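Sequence lines, in order, name chains C and V. Under the working numbering, the first residue of the first sequence carries the number 1, and numbering increases by one thereafter. Under the working numbering, the first residue of the second sequence carries the number 303, and numbering increases by one thereafter. For glycine and all other residues, C-beta sits at the position ideal for the given N, C-alpha and C. Because the structure is a prediction, the values reported are computed rather than measured. A short worksheet on the structure shown next.
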Amino acid sequence: MLAGIQIIVLLTFSPLFVGIITKTKAFLVGKKGQPLLQPYYDLLKLFKKDVVYSTTSSPVLKIAPLVGFSTLLMSFLLFPLFGKAPLHFEGDIILFAYLLALGRFWALLAALDVGSSFAGMGASREATIGALSELAFFVGLGVLAYSSDSLSLDSIFLWKLGHSAWQPVFLLLFATFFLLLLTENSRMPIDDPNTHLELTMIHEAMILDYGGVELGFILYRSTLKLFLFMTFAVSLLWPTLLSFSLASLVFLFFKIAGVAVGVGIVESTLARIRLLKIPQFLIANFMLALLALLVALSTGGN
Amino acid sequence: MILLAASTVLFMSGALGSILFQRAALKKIWALGSVLAGSLLGLIPAFQVLRNKITFAYSFKETLPGLKFQFGCDELSAFFLIPLLGLSAGIALYAFGYLKKEKHLLGSLACFPLLVAAMMGVLVAQDGFSFLIVWEIMSLTSFFLVTTEHGNREVRFSGWIYLVTTHCATLFLLVFFILLFKKTGSFAFQDFTLLSSKSYLTGFLFLAALIGFGTKAGIFPFHIWLPHAHPAAPSYISALMSGIMIKTGIYGILRAVTFLPPLPLWCIESLLVLGILSTVLGVLYALLQHDLKRLLAYHSIENIGIIIIGIGLGLLGRHTHNAAIEFLGFAGALFHILNHTIFKGLLFLGAGNIIQATHERRIDQLGGLLKFMPLTGITFIIASLAICGLPPFNGFISEWLIYMGLFDGVKDLPRGPFSFCIASLVGIAFAGGLAIACFTKVIGVVFLGLPRTKRELPLQEGSWLKRLPMIILAILCFVLGVMPQLVLPFILPTLPVLGLKVPASALNLPIQSLQTFSVTFMILIGIFILIALIYKALLLNKTKRLAPTWDCGLREPSARMQYTASSYAEPLSTFFYFLTGPTVHFQTLKGIFPKTTSFKTHVEDLAERNLWTPFVQKTVEIMSWVRKQQQNQIQNYLAYIFVTLILLLLWEVWVGI
Numbered sequence: 001m002l003a004g005i006q007i008i009v010l011l012t013f014s015p016l017f018v019g020i021i022t023k024t025k026a027f028l029v030g031k032k033g034q035p036l037l038q039p040y041y042d043l044l045k046l047f048k049k050d051v052v053y054s055t056t057s058s059p060v061l062k063i064a065p066l067v068g069f070s071t072l073l074m075s076f077l078l079f080p081l082f083g084k085a086p087l088h089f090e091g092d093i094i095l096f097a098y099l100l101a102l103g104r105f106w107a108l109l110a111a112l113d114v115g116s117s118f119a120g121m122g123a124s125r126e127a128t129i130g131a132l133s134e135l136a137f138f139v140g141l142g143v144l145a146y147s148s149d150s151l152s153l154d155s156i157f158l159w160k161l162g163h164s165a166w167q168p169v170f171l172l173l174f175a176t177f178f179l180l181l182l183t184e185n186s187r188m189p190i191d192d193p194n195t196h197l198e199l200t201m202i203h204e205a206m207i208l209d210y211g212g213v214e215l216g217f218i219l220y221r222s223t224l225k226l227f228l229f230m231t232f233a234v235s236l237l238w239p240t241l242l243s244f245s246l247a248s249l250v251f252l253f254f255k256i257a258g259v260a261v262g263v264g265i266v267e268s269t270l271a272r273i274r275l276l277k278i279p280q281f282l283i284a285n286f287m288l289a290l291l292a293l294l295v296a297l298s299t300g301g302n
Numbered sequence: 303m304i305l306l307a308a309s310t311v312l313f314m315s316g317a318l319g320s321i322l323f324q325r326a327a328l329k330k331i332w333a334l335g336s337v338l339a340g341s342l343l344g345l346i347p348a349f350q351v352l353r354n355k356i357t358f359a360y361s362f363k364e365t366l367p368g369l370k371f372q373f374g375c376d377e378l379s380a381f382f383l384i385p386l387l388g389l390s391a392g393i394a395l396y397a398f399g400y401l402k403k404e405k406h407l408l409g410s411l412a413c414f415p416l417l418v419a420a421m422m423g424v425l426v427a428q429d430g431f432s433f434l435i436v437w438e439i440m441s442l443t444s445f446f447l448v449t450t451e452h453g454n455r456e457v458r459f460s461g462w463i464y465l466v467t468t469h470c471a472t473l474f475l476l477v478f479f480i481l482l483f484k485k486t487g488s489f490a491f492q493d494f495t496l497l498s499s500k501s502y503l504t505g506f507l508f509l510a511a512l513i514g515f516g517t518k519a520g521i522f523p524f525h526i527w528l529p530h531a532h533p534a535a536p537s538y539i540s541a542l543m544s545g546i547m548i549k550t551g552i553y554g555i556l557r558a559v560t561f562l563p564p565l566p567l568w569c570i571e572s573l574l575v576l577g578i579l580s581t582v583l584g585v586l587y588a589l590l591q592h593d594l595k596r597l598l599a600y601h602s603i604e605n606i607g608i609i610i611i612g613i614g615l616g617l618l619g620r621h622t623h624n625a626a627i628e629f630l631g632f633a634g635a636l637f638h639i640l641n642h643t644i645f646k647g648l649l650f651l652g653a654g655n656i657i658q659a660t661h662e663r664r665i666d667q668l669g670g671l672l673k674f675m676p677l678t679g680i681t682f683i684i685a686s687l688a689i690c691g692l693p694p695f696n697g698f699i700s701e702w703l704i705y706m707g708l709f710d711g712v713k714d715l716p717r718g719p720f721s722f723c724i725a726s727l728v729g730i731a732f733a734g735g736l737a738i739a740c741f742t743k744v745i746g747v748v749f750l751g752l753p754r755t756k757r758e759l760p761l762q763e764g765s766w767l768k769r770l771p772m773i774i775l776a777i778l779c780f781v782l783g784v785m786p787q788l789v790l791p792f793i794l795p796t797l798p799v800l801g802l803k804v805p806a807s808a809l810n811l812p813i814q815s816l817q818t819f820s821v822t823f824m825i826l827i828g829i830f831i832l833i834a835l836i837y838k839a840l841l842l843n844k845t846k847r848l849a850p851t852w853d854c855g856l857r858e859p860s861a862r863m864q865y866t867a868s869s870y871a872e873p874l875s876t877f878f879y880f881l882t883g884p885t886v887h888f889q890t891l892k893g894i895f896p897k898t899t900s901f902k903t904h905v906e907d908l909a910e911r912n913l914w915t916p917f918v919q920k921t922v923e924i925m926s927w928v929r930k931q932q933q934n935q936i937q938n939y940l941a942y943i944f945v946t947l948i949l950l951l952l953w954e955v956w957v958g959i
């Protein structure tokens, strides 16, 4: 029941936040910008379109978006969006991390499947970024496990209700996961979602050969992924409410809209990092996570 | 016991038959048939031991004073016997198909049953002396198998490296067992437990075992033979060696843990550090290889590292009296041993198929094979998903157990062990990310895209004998991932042998979680099917067109423009320049009309480049000085012997080890 609501809320609202980010960016540069609901129109259009496949491709090209989409839905089932997570057990944070990795594995395969040098280039960069961002991600999870004394996303995000989450550890963790959010979703200092020059693209280069329904699944997935990471980051500071109600839904909505505006501001004020510097950025984020670990150790967790 | 003895006899007679008969078909039938029959026969007692918990042992009469050959099978031996015999049976089937057209590989075939028998001997030997004998037989037979194609200079070189390293390692084992014999007065494993627990002696013994067994297992930096020997050997032998022979090293370490006194903390910590090094560097060097089998060999080093981290974690749990961590570490390590046998065996068999069809090991020359060899491709993808630890395959479960232990360590352990847990956590996670990069590279470059060189079509996958074991292994990857509780009846009886006294209550939580994985993965698969159905529905009434890949408007795209394996790995290689230090062979272009030039890079690993090559050079220098002192005068030799004896006597009197 709750799982159903969770999935429906997710599928309905996730494109909206992409709209909010775009609107924020447009506002900051003094433009009117796309309509707020533009991501919905894009998806509808793509799902109606016919499909073109590369002559080089194999079934991997078609399977990959489906695997990516289903792994993301699955990882949402492990996440306490409002109230308890529909599916939770001790140790599900590891499954959560590896589900994301499974999606990445197939995305990389699909990029290499068409045999295009641009897609290969994007895949190579994505693989590098993916491997290096695991460092910060897992230390971050370690800090969470240490300070909440739990290995399940459900209890990690529900534990702090009575207390204040505004402790140094969580501020640092928020910073870490916010940077991870930018990295994993190909946002501005790492990758420009609006770029149209193949040589500089990462994520967009990987999906150059997709069109129609498959592209729809991929774009839909990336809105879901953005939603997931925004929720993850923001729930560190404002924990999830204990039970499902209209209030918790509205609360969630405002939390994420806040982060979306934040992402928009970051994207409009920061320039892109040179590709060669991206690994350094990721290692810096790793250091940030380690700092969070030290802080957690010195304050003694809970 | 009788069945095990019978299967040994079968292996021996198979080897003998394969030597005696001259006709190729008979040679094959004797050798491979005996492996198949012997393995299936030997599996029965192994299962019985684990199910009924009845161990058996047999000791021969005293052959020399104080020396008894003892053999037996306890749960630990049985646990290793199952992957050994199971994989051997599968490989024997595969080899029937593999050796069909390869007459030149038959020369060393008699060593195959002998190697299986020797590995079985290693697992059932219950005293140091017979252990060393079978260990040596194992090393020698595998050496002959590695050098099957000894007409090739490179193969001879690889065989030489293997022979030297494996014997240097055996030297440490010799020291290990002789020291134990001197201290306890017996070679039998069960008497070794009487050793008094002096921490420096325990530490020394453990280090000797770690180097001796670790070399066979392929722990960094003692792994250098592995990336040489695996590409040189025929593929079915690589599968056997990587799948199970290197695990005998792990078995040795575990066996040493059973009879050594409790290890001091620094031993455990060094074990963990070596584990982390193997894991991260193994996969990093794998990423930079151009040779398919060399790449897989480096991945074995990574997986051995994960197993070692699991064992280290278990020992850490024991040291800090944390039963849950102890259980998770050891159970994860044991499970990963089983899993690695399955998917690494499968990967090498797949590599064998590719090499046999294309006669090419360099991945940058391949491409688009999925269309010609669908079964090889699909099983290779499944094995890759499993080796990367991705759900819902078996590799995920064992890594999950180890992760759980590490996270528990992060939560509960005091500061010192805590930092090792965090380091291992980061190490495994990073290696996981790199493994994904590495296997997407292999699959993408070998199986997807377009062929990079013209080949004679059609490419053949070979007979059903070759395919059947691959299908079984691939199914096992999936089944053990979705139903991990199936493995518990094998792991749980083995743990008490390793000294685990875990209360049942401590096990409840992880075991329950294992069962939830069945449900979780079913939901995952359910979601996937649902999404696929929606996708199919969306595609109804739509036209589907085929068009060339987008190439930025270029007129004549060619297959050579695809991203290669080297370019795929370039960003990571550049970032880890200090570790990888690629050697570049390139002549810069000169003049207005430059001549043709070539560009070549290759990566030598850190241990080989900065540790062993200088070490060997120094040794050779010293030895050439020693050689000069030999003047073939008998007086000098007598003097050397005399001085040595005096020194040994003084050592015995004063130090007394």
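Contact list for residue i against chain V, beta-carbon separation under 7 Å
i        : result
C/Glu267 : Those within 7 Å of C/Glu267 in chain V number zero; the least Cβ separation is about 23 Å.
C/Ser58  : Leu672, Lys673 and Leu750
C/Pro279 : Phe877
Beta-carbon neighbours of residue i, restricted to chain C and to distances below 9 Å
i        : result
V/Ser869 : Ser117, Gly120, Met121 and Ser124
Residue i vs residue j beta-carbon contact at 9 Å
i        : j        : result
V/Trp261 : V/Val457 : There is simply no residue 261 of chain V to check, as chain V begins at 303 and stops at 959 in what is shown.
V/Leu473 : V/Met440 : no
C/Leu276 : V/Thr876 : yes
V/Asn696 : V/Val585 : no
V/Thr681 : V/Pro385 : no
C/Val310 : C/Gly211 : No information on residue 310 of chain C is available, as it lies outside the stretch 1 to 302 that chain C covers here.
V/Ile962 : V/Ile610 : Past the boundaries of the shown model lies residue 962 of chain V; chain V is included only from 303 to 959, so the question cannot be answered.
V/Ile627 : V/Leu573 : no
V/Gly764 : V/Gly399 : yes
Cβ neighbour criterion (16 or more within 10 Å) applied to residue i
i        : result
V/Ile831 : exposed
C/Asn302 : Because C/Asn302 sits at a pLDDT of 45, beneath the cut-off of 50, its placement in the model cannot be relied upon, and the following sentence gives the value as read from the coordinates. With fewer than 16 Cβ atoms within 10 Å of its Cβ, C/Asn302 is classed as exposed.
C/Gly162 : Any answer about C/Gly162 is weak, because its pLDDT of 46 lies below 50 and its placement is not dependable; what the coordinates show is given next. Burial call: exposed.
V/Trp527 : buried
C/Asp191 : buried
C/Thr24  : buried
V/Asn354 : exposed
C/Pro86  : buried
V/Val582 : buried
V/Tyr939 : exposed
V/Ala839 : exposed
Beta-carbon neighbours of residue i, restricted to chain C and to distances below 7 Å
i        : result
V/Val712 : Gly142, Ala145 and Tyr146
Cross-chain neighbours of residue i in chain V, by beta carbon under 8 Å
i        : result
C/Gly83  : In chain order: nothing, as chain V lies at least about 19 Å away.
C/Arg104 : Ile738
C/Asp149 : Lys713
Cross-chain neighbours of residue i in chain C, by beta carbon under 8 Å
i        : result
V/Lys970 : Not covered by the structure: residue 970 of chain V. The range shown for chain V is 303 to 959.
V/Cys690 : Ala101 and Phe105
- Task: Select from the region 693-709 of chain V all residues with a C-beta closer than 7 Å to any C-beta belonging to chain C, and list them in chain order.
- Result: Pro693, Phe698, Trp702, Tyr705, Met706 and Phe709
- Message: Please identify, using Cβ separations under 7 Å, the residues of the region 3-29 of chain C that lie next to chain V, in order along the chain.
- Response: none
- Task: Taking a Cβ distance cut-off of 9 Å, strictly less, list which residues of the region 199-215 of chain C are near chain V, in chain order.
- Result: Leu208, Asp209, Gly212, Val213 and Glu214
- Task: Could you please tell me which residues of the region 757-786 of chain V, in chain order, have their CB closer than 8 Å to any CB of chain C?
- Result: none
- Which residue spans inside the region 859-898 of chain V form an unbroken alpha helix (DSSP H) run of at least 4? 867-877 and 879-882
- Query: Listed in chain order, which residues of the region 85-101 of chain C have Cβ atoms closer than 7 Å to some Cβ of chain V?
  - Reply: Leu87, Phe89, Glu90, Gly91, Ile94, Leu95, Tyr98, Leu99 and Ala101
- Message: By the 9 Å beta-carbon criterion, what residues does the region 492-504 of chain V contribute toward chain C?
- Response: none
- Listed from N- to C-terminal order along the chain, which residues in the region 561-588 of chain V have their beta-carbon within a distance smaller than 7 Å of any beta-carbon of chain C? none
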